[in-house]
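The sequence shown finishes on residue 1540 if you use the working numbering, and the numbering steps up by one all the way, no holes. Positions of the beta carbon are idealized from the N, C-alpha and C atoms, including for glycine. For reference, the structure is listed below as structure tokens.
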Amino acid sequence: MIQPQTYLNVADNSGAQKLICIRIIGASNRHYAHIGDVIVAVIKEAVPNTPLEISEVIRAVIICTCKEINHNNETIIQYEDNATVVIDQEGNPKGTRVFGVIHWN
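Laid out in structure tokens, this is it:
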């Protein structure tokens, strides 16, 4: 569960390394975001000489959360960090590779 002011890792090669969530896209009264939700975030750490810069406002989709996911067949999936992939306004990823595991329903 991701809420505003949560720090997130970036799991792609777009140039950003750490983000902080500032808004959850969707209904106006949503307090938490889960895997697959789009958030608005600010870049806190970035690789030098890349198109993304520190304090830039971007959109990202959540791919991993520390909060466990319960399935109907009594399996539980839990990741070790909160991770996102940076996307553009149309929903396409800005990076060319995604590192780590992606939850797929």
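Check whether the Cβ atoms of R1494 and V1520 sit closer than 8 Å, and answer yes or no.
no
With DSSP as the reference, label Y1442 as helix, strand or coil.
strand
Using the DSSP secondary-structure output, state which residues sit across from A1451 in a beta bridge.
A1481
Is it right to say S1490 is buried, meaning 16 or more other beta carbons lie within 10 angstroms of its own, or is it exposed?
exposed
Assess contact between the region 1526-1533 and the region 1504-1512, defined as three or more Cβ pairs (one per stretch) separated by less than 8 Å. Is contact present?
no
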